[in-house]
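A.B. asks:
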Amino acid sequence: MPNLKDLKLRIDSVKSTRKITKAMQMVAAAKLRKAQEQAERGRPYAEKMRAIVSNLASSVKNTTLDNKYLGDGGDSKKFLLIIATAERGLCGGFNSSIVKLAKTRIAELTSQNKEIKILTIGKKGREQLNREFDSLFIGHVDLSNEKNITIETARKISIDLISRFDNGEYEVAEIFYNKFASVISQIPSSFKLLPVSFNEKEADTGNVSFNFEPDEDEILNEIIPKSIATSIFSVLQENAASEQGSRMAAMDNATRNAGEMIDKLTIDFNRSRQAAITNELIEIISGAEAL
Amino acid sequence: MINKFQLSVISAESKVFEGEVENVLVPGMVGDFLVLSDHAPCISSIRPGFLEFSDGTSKKQKYFVSGGIVEVTNNMVSVLVDLAIEGDKVGKEDILALISEIDNKLSAGDTVNIDDLGLRKNDLEEALKQA
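Residue numbers (the working numbering), protein chains in the order written: chain A, 287 to 577; chain B, 3 to 133.
#1: Taking contact to mean 3 or more Cβ pairs, one atom from each stretch, closer than 8 Å, check whether the region 538-557 of chain A and the region 35-50 of chain B are in contact.
#2: Can you name the residues of chain B whose CB is closer than 8 Å to the CB of A/Arg327?
#3: Under DSSP, the alpha helix (DSSP H) around A/Leu551 begins and ends at which residues?
#4: Compute the Euclidean distance between the alpha carbons of A/Gly375 and A/Ser302, then round it to the nearest angstrom.
#5: Using the beta-carbon of each residue, which ones in chain A are nearer than 9 Å to B/Val32?
#6: Considering only C-alpha positions, which residue in the set B/Ser80, B/Pro29, B/Leu126, B/Met78 is nearest to B/Ala99?
#7: Report yes if the C-beta distance between B/Ser10 and B/Ser56 is below 7 Å; otherwise report no.
#8: Spell out the partners DSSP gives A/Leu366 in its beta bridges.
#9: Which bits of chain B does A/Phe466 rub up against, with CB to CB less than 8 Å?
#10: Is A/Arg559 close to the ligand MG? I mean its beta-carbon at under 6 Å from any heavy atom of the ligand.
#11: Assuming the contact rule is C-beta atoms closer than 8 Å, A/Gly357 and A/Val385 should be a hit. Round their C-beta distance to whole Å, please.
#12: Can you tell me whether B/Asp90 is buried or exposed? The criterion is at least 16 other CB atoms within 10 Å of its CB, across all chains shown.
#13: Pick out whichever of B/Glu128, B/Lys17, B/Gly69 has its Cα sitting closest to the Cα of B/Val28.
#14: Kindly list, in the order they appear in chain A, the residues whose Cβ is closer than 8 Å to that of B/Ala42.
#15: Report the three-state DSSP secondary structure of B/Asn76 (helix, strand or coil).
#16: Return the chain-ordered list of same chain residues with a C-beta closer than 8 Å to the C-beta of A/Ser475, the five sequence neighbours on each side being excluded.
#17: Which residue wins for smallest C-alpha separation from A/Gln414, given the options A/Glu401, A/Tyr331, A/Gln311, A/Asn381?
#18: Is A/Ala467 helix, strand or coil when you go by DSSP?
#19: If I'm right that A/Ala315 touches A/Ala527 with Cβ under 8 Å, what's the distance once you round it to whole angstroms?
Printed below as a string of C-alpha cells:
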C-alpha cells in the first residue's frame, strides 16, 4: 500500500490536471461558438456560388464549349489529395479520423496504379502522414498564424491549386476534412474539388437560358477559381468548428475521468489513513496490556 | 409605380445587403448596366467599381465592390462580391491598397494575367476618382 504522502501528491496532481482540462474545455466551447457563427455567416455566399456554377455548367453542357475546369475526371491518372487537419492536438480523434480516411483512399488509388500527390493543410495531419508518405508531399499550408480563418487564406490556396492544375501537376483534386454534424459528432468526409462536375440538383433555375457577359468561357475561368476558394473556405470553417467540438468533447471526457480518479484516490487515501490510525491504536492497547 | 425585385449582395464573410429595390446599376466586366425588374436572366462578372441601387423611397445606396459575379434570374439579383464597402465609408486608402496589391503582382512578374491586371488597375483608378 502506498504511503499517505504519495497519495496526497497524486491527488493534488490529478486535481491540477482536471483544472487544466476543464479550462481547455471552456476555451474550446467559446471558440466553437465563434467558429459556428463564422461558418453561418459564410453559408449564403457558398450556397449561391454553388448554384451559379451549376447553372453555368448546365447551360454549357449542351454546347461545344470545352472548359478545362469542367468534367468528371473519370479516367484521370494523376490525383492530388488535399488533407486538411488541425494545427494542434488534444482534440480526440479529430486528426486521426481524417488521416485514416485519407489513407484508405491512398491505398485504393495505389491499387489502381494512379499517381498520387499530397498537399497538407495543418501540422498534425502532416506529422501523421510523414512516416509513410513523405515522398508524395508537394506542399503544405501552415495555419498556425491564423487566429480566424479568412477568405484570403482560402484564396491563396486556391490560386496555388489552379496554377498546379494549369501546369498539369494533377488532373483530379480531392479534399479531406471533418464535416461538422453536431457538437458531439464530426464526420470525416471528402469530395472532389477539381475538375468541377455538373450537379443537376444544385441548379436552382431549371432550364433558363442565360445571357453571358463577356462569354461562357471567360466567366467560367473567372468563377471557377472563386468557387474553389469558396469551397476551401467552407472546408476550413467546418474543420475549425469540428476541431473545437471534438476538443470540447475530449476535454469533457478527460475532466470526468480525472474526477473519477480523484474519488478513487481519495477513498484509498482515507483507507490508508484509517489503517494507520488503527495500527497505532493496536500498538498502544497491546502495549498497555503487556504491563 | 415601378415594379420592385429582390436584390442580395453577399460577400464571402457576410451578407451585405438584402431587400427589395427598383433598380440596380452593376459595374459589369464589359460595361456598366442597369437592371430593372423583369430583366432577362444573365450572368456577368463584375469589375472593381461602384454598385448603386435604390428602393424608390430613400436615397440611392452605393457600395464599392472589388470584383465578383452577378446573377440575374427571374426578378432575383444576386451579387457575389469579393469585398464590399459602403459608399460613404470607402476611403481612398482602401482603393489605393488594392492598387498597390496589383502593382506588387505586376512587379513580382505575374505575366500570365498581365492584361487582366492592367485593366483592373484602370478600373480601380477610375473608382478612385469617384471616391
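Note that the Cβ used here is the ideal one computed from N, Cα and C, for glycine as well.
C.D. replies: Checking against the coordinates, here is how it stands:
#1: Taking a cut-off of 8 Å for Cβ pairs, the region 538-557 of chain A and the region 35-50 of chain B do not touch, as fewer than three such pairs fall below it.
#2: As a working mapping, residue 327 of chain A is identified with position 41 in the first sequence. Chain-order list of chain B residues neighbouring A/Arg327: Glu15, Ser16, Lys17, by C-beta distance under 8 Å.
#3: In the first sequence, counting from the first residue as 1, residue 551 of chain A sits at position 265. Here the alpha helix (DSSP H) through A/Leu551 covers 502-576.
#4: The residue you call residue 375 of chain A lines up with position 89 of the first sequence. The residue you call residue 302 of chain A lines up with position 16 of the first sequence. In a straight line, the C-alpha of A/Gly375 is about 20 Å away from that of A/Ser302.
#5: Taking the first residue of the second sequence as 1, we reach residue 32 of chain B at position 30. Under the 9 Å cutoff, chain A gives Glu499, Pro500.
#6: One-based indexing of the second sequence puts residue 99 of chain B at position 97. The option with the nearest alpha carbon to B/Ala99 is B/Leu126.
#7: Position 8 of the second sequence, counted from the start, is the residue given in the question as residue 10 of chain B. Position 54 of the second sequence, counted from the start, is the residue given in the question as residue 56 of chain B. For B/Ser10 and B/Ser56, no; Cβs fall outside 7 Å.
#8: Here residue 366 of chain A is taken as the residue at index 80 of the first sequence, counted from 1. DSSP, once it has assigned bridges, lists A/Lys403, A/Ala459 as partnering A/Leu366.
#9: Sequence index remark: in the first sequence, residue 466 of chain A carries index 180 (1-based). Per Cβ cutoff of 8 Å: no residues; A/Phe466 is ~18 Å from chain B at best.
#10: Judged by which ligands are present, the structure shown has none, so any question about the ligand MG falls away.
#11: By one-based count along the first sequence, residue 357 of chain A stands at place 71. By one-based count along the first sequence, residue 385 of chain A stands at place 99. So it is not a contact: roughly 29 Å between Cβ atoms.
#12: Taking the first residue of the second sequence as 1, we reach residue 90 of chain B at position 88. With fewer than 16 Cβ atoms within 10 Å of its Cβ, B/Asp90 is classed as exposed.
#13: Looking up residue 28 of chain B in the second sequence gives position 26. Ranking B/Glu128, B/Lys17, B/Gly69 by Cα distance to B/Val28 puts B/Gly69 first.
#14: Along the second sequence, read from residue 1 onward, the residue named residue 42 of chain B stands at position 40. Annotation: Cβ neighbours of B/Ala42 in chain A (cutoff 8 Å, chain order): Asn497.
#15: Counting from one through the second sequence, the residue named residue 76 of chain B turns up at place 74. Three-state DSSP puts B/Asn76 in coil, outside helix and strand.
#16: Position 189 of the first sequence, counted from the first residue, corresponds to residue 475 of chain A. Contacts found: Leu387, Phe462, Tyr463, Asn464, Lys465.
#17: As a first step, residue 414 of chain A must be located in the first sequence, where it is residue number 128. It is A/Asn381 whose Cα lies nearest to the Cα of A/Gln414.
#18: Position 181 of the first sequence, counting from 1, holds the residue named residue 467 of chain A. In the structure shown, A/Ala467 falls within a strand segment according to DSSP collapsed to helix, strand and coil.
#19: Position 29 of the first sequence, counted from the first residue, corresponds to residue 315 of chain A. Position 241 of the first sequence, counted from the first residue, corresponds to residue 527 of chain A. A/Ala527 and A/Ala315 do not touch by the CB rule: their CB atoms are close to 12 Å apart, not below 8 Å.
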